[in-house]
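*Asks:* In our numbering, the protein residues as written are 6 to 484.
Beta carbons: idealized from backbone N, C-alpha and C, even for Gly.
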RNA sequence: GGUCUCGUAGUAUAACGGUUAGUACAUCGGGUUUUCAUCCCGACAACGCGGGUUCGACUCCCGCCGAGAUCACCA
């Protein structure tokens with residue numbers, strides 16, 4: 006039985022620096038025949054709570070296709086799944102600790118604690134609250150913080166990613182269990198929740214390694230079995246060596262959706278950032294990922310986030326969907342990514358455009374900038390035409406003449422298909438004695454006034470005879 | 001400062017004592033009758049440093065250096 010969880014706090018959007026701690030638990034749970042993943046919302050910090058953040062988290066997971074078996078929306082036997090609704094549970098466990106003499110109410114005012122801390126830094130000794138533990142502690146009452154009573158010792162433990170780890174007593178302290186406001190701290194709440202919910206694998210960022218001894222002490226004091234601990238290496242920002250965070254401009258995952266990144270590509274990229282199956286495969290479906298995933302192949306060093314590779318992978322996925330699932334499958338993903346000029350255009354026509362442009366796309370939003378001329382006549386930009394590297398050696402009258410001969414030839418063409426268009430184009434090449442680069446660039450630019458476009462015959466076929474000729478005529482007469 | 005972790009090309013990674021150190025992205029060059037892209041071919045480019053252990057070390061051990069994480073009534 007494998008039970009994993011993703012336990013974000015609703016303080017804002019999920020960015021690429023931290024979705025991976027949702028992806029790996031998901032893969033591990035799905036891989037097991039009877040595995041399940043829990044989504045738990047850690048909303049014990051009322052000050053940082055952001056309205057709507059929970060929905061944002063759910064939205065992100067849904068987009069990536071990471072469904073959860075227990076949690077908000079779907080419910081489950083171990084609810085509630087919002088920590089703010091589990092107060093009485095934490096209280097019970099806290100009482101247990103108090104009764105066992107392993108927790109005490111701390112009457113010390115915060116200012117005093119700051120004072121202790123200052124002393125320590127002045128004397129260059131590490132600050133440990135247990136060195137200032139009050140002699141007399143009052144009975145614990147609401148409004149008073151509850152602290153753990155540490156009994157420091159050496160700890161060694163196994164981390165599924167990092168291997169065998171150890172730390173001495175100097176990192177164990179009387180950590181706060183319940184805050185003055187009555188809410189538990191993460192340190193206490195997650196331990197209770199994971200145990201109550203039957204979580205077998207605690208997967209989280211590597212920043213928690215330092216506090217693990219405190220957690221271990223808590224498991225012991227609470228009489229709880231340790232779950233398997235899995236520390237995920239950090240994802241580093243593109244610049245510098247810091248872990249990627251919102252301050253580095255880490256975009257939200259859903260922002261990538263709006264930019265035309267496919268969830269398949271996002272999942273694929275992120276899953277393979279810090280994990281690989283040992284083969285040279287690069288593109289993985291979600292199913293392949295769940296089948297191949299294994300904890301022991303997760304990297305222990307941090308990995309830098311590289312958007313260029315994400316973009317490449319997205320292009321791969323774009324083509325893969327078109328080629329294997331069919332044009333309609335890709336087309337159904339394009340809603341909302343077409344230029345305004347395509348608003349009233351039929352799906353049938355847009356599908357044709359997509360079929361000749363899709364292999365040039367890096368993201369779906371490229372459609373917006375790359376297909377405009379298929380839906381409305383481009384603004385004639387003679388400079389672009391005249392300054393083209395192949396055309397600038399030709400005189401204006403020569404260009405005009407070439408255009409006119411092209412128009413005449415095309416006007417006679419009855420069957421307006423890509424193949425016959427290519428034949429006409431080839432014939433034109435032979436008749437005029439021009440190089441493809443010259444003649445085709447001229448026609449291409451005259452039709453689109455775009456920096457690049459699909460093959461000429463395909464472009465003309467989609468545009469249609471009437472539109473193509475009208476555009477060529479317009480250019481011919483304005484030279 | 002204490003504690004802990006990490007260290008193969010610009011980036012992501014393979015190698016689990018014996019390879020000309022492999023692959024992908026990026027970069028640069030070439031090819032596929034225009035451009036851009038796809039696709040194909042090619043080039044550039046790496047084991048942080050120093051000691052051991054061993055016939056042999058990217059792989060094991062130690063030291064150093066470098067980088068990061070963490071030391072909250074945040075998670």
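Over what stretch of residues does the beta strand (DSSP E) that includes residue 300 continue unbroken?
*Replies:* Per DSSP, residue 300 belongs to no beta strand (DSSP E) and is neither H nor E.
*Asks:* Based on Cα-Cα distance, which residue from 241, 210, 316, 220 lies nearest to residue 29?
*Replies:* Looking at the Cα atoms, 210 is the closest of the given residues.
*Asks:* Given this structure, state the Cα-to-Cα distance separating residue 442 from residue 340, to the nearest angstrom.
*Replies:* Going from the Cα of residue 442 to the Cα of residue 340 covers about 35 Å.
*Asks:* Roughly how many angstroms lie between the CA atoms of residue 43 and residue 277, to the nearest whole one?
*Replies:* Using only the alpha carbons, I get a separation of about 23 Å.
*Asks:* Give every residue of the same chain whose Cβ lies closer than 8 Å to the Cβ of residue 283, excluding the five residues on either side of it in the sequence, and list them in chain order.
*Replies:* If we look at residue 283 and ignore the five residues flanking it on each side, its Cβ neighbours are 302.
*Asks:* On the three-state DSSP scale, how would you describe residue 73?
*Replies:* Looking at residue 73 - three-state DSSP - the assignment turns out to be coil, as it is neither helix nor strand.
*Asks:* My understanding is that residue 157 touches residue 111, with C-beta atoms under 8 Å, so please give their C-beta distance in whole angstroms.
*Replies:* The pair is not a contact, with the Cβ atoms about 18 Å apart (cut-off 8 Å).
*Asks:* For a test of the three-state rule: what should DSSP assign to residue 357, helix, strand or coil?
*Replies:* DSSP places residue 357 in helix when its eight states are reduced to three.
*Asks:* Beta-carbon within less than 7 Å of residue 200's beta-carbon, same chain only, minus the 5 sequence neighbours each way: which residues are those?
*Replies:* If we look at residue 200 and ignore the five residues flanking it on each side, its Cβ neighbours are 229.
*Asks:* Would you please state the rounded distance, in angstroms, between the beta carbons of residue 237 and residue 14? I believe it to be under 8 Å.
*Replies:* Residue 237 to residue 14, Cβ: 17 Å. No contact.
*Asks:* Among 404, 317, 433, which residue has its Cα nearest to the Cα of residue 418?
*Replies:* Looking at the Cα atoms, 433 is the closest of the given residues.
*Asks:* Just to confirm, are residue 265 and residue 377 a CB contact at a threshold of 8 Å?
*Replies:* Their beta carbons are not under 8 Å apart, which means residue 265 does not touch residue 377 by this criterion.
*Asks:* What do you get for residue 6, buried or exposed, if any count of 16 or more other CB atoms within 10 angstroms of its CB means buried?
*Replies:* By the 10 Å Cβ count, residue 6 comes out exposed.
*Asks:* Can you round the beta-carbon distance between residue 363 and residue 325 to whole angstroms, since I take them to be within the 8 Å contact cut?
*Replies:* The Cβ separation is near 11 Å, so there is no contact.
*Asks:* Determine which residues share a DSSP beta bridge with residue 208 and list them.
*Replies:* According to DSSP, residue 208 bridges with 235.
*Asks:* Do you know how far the Cα of residue 413 is from the Cα of residue 481?
*Replies:* Looking at the two C-alpha atoms, the distance is approximately 12 Å.
*Asks:* What residues in its chain sit with their C-beta under 6 Å from that of residue 178, if we drop five residues either side in the sequence?
*Replies:* Closer than 6 Å at Cβ, skipping near neighbours: 133, 134, 135, 155.
*Asks:* Quick check for students: name the residue ranges of the beta strand (DSSP E) that lie wholly in the segment 43-130, counting only runs of 3 or more.
*Replies:* Here the runs fully enclosed are 108-110.
*Asks:* Classify residue 477 as helix, strand or coil using the three-state DSSP reduction.
*Replies:* The answer is helix: DSSP assigns residue 477 an H, G or I state.
*Asks:* Could you compute how far the alpha carbon of residue 402 sits from the alpha carbon of residue 484?
*Replies:* C-alpha separation (whole angstroms): 8 Å.
*Asks:* Which residue comes first and which comes last in the beta strand (DSSP E) that contains residue 171?
*Replies:* Run containing residue 171: 168-172, per the beta strand (DSSP E) assignment.
*Asks:* Taking the beta carbon of residue 291 as the centre, do at least 16 other beta carbons fall within 10 Å, making it buried, or is it exposed?
*Replies:* Buried, by the Cβ-count rule.
*Asks:* Less than 8 Å between the beta carbons of residue 350 and residue 467, yes or no?
*Replies:* No, these two residues do not count as a Cβ contact at 8 Å.
*Asks:* Under the three-state reduction of DSSP, which class applies to residue 189: helix, strand or coil?
*Replies:* Correct three-state label for residue 189: strand.
*Asks:* Could you tell me the alpha carbon to alpha carbon distance between residue 12 and residue 125, rounded to whole angstroms?
*Replies:* Those two C-alpha atoms are separated by around 34 Å.
*Asks:* For residue 78, does the count of other Cβ atoms within 10 angstroms reach 16, so buried, or fall short, so exposed?
*Replies:* Exposed, because fewer than 16 other Cβ atoms sit within 10 Å of the Cβ of residue 78.
*Asks:* Is DSSP giving residue 261 helix, strand or coil here?
*Replies:* Residue 261: helix per DSSP, three-state reduction.
*Asks:* Can you give me the C-alpha to C-alpha distance between residue 245 and residue 367, rounded to a whole angstrom?
*Replies:* Each residue's Cα considered, the two are about 26 Å apart.
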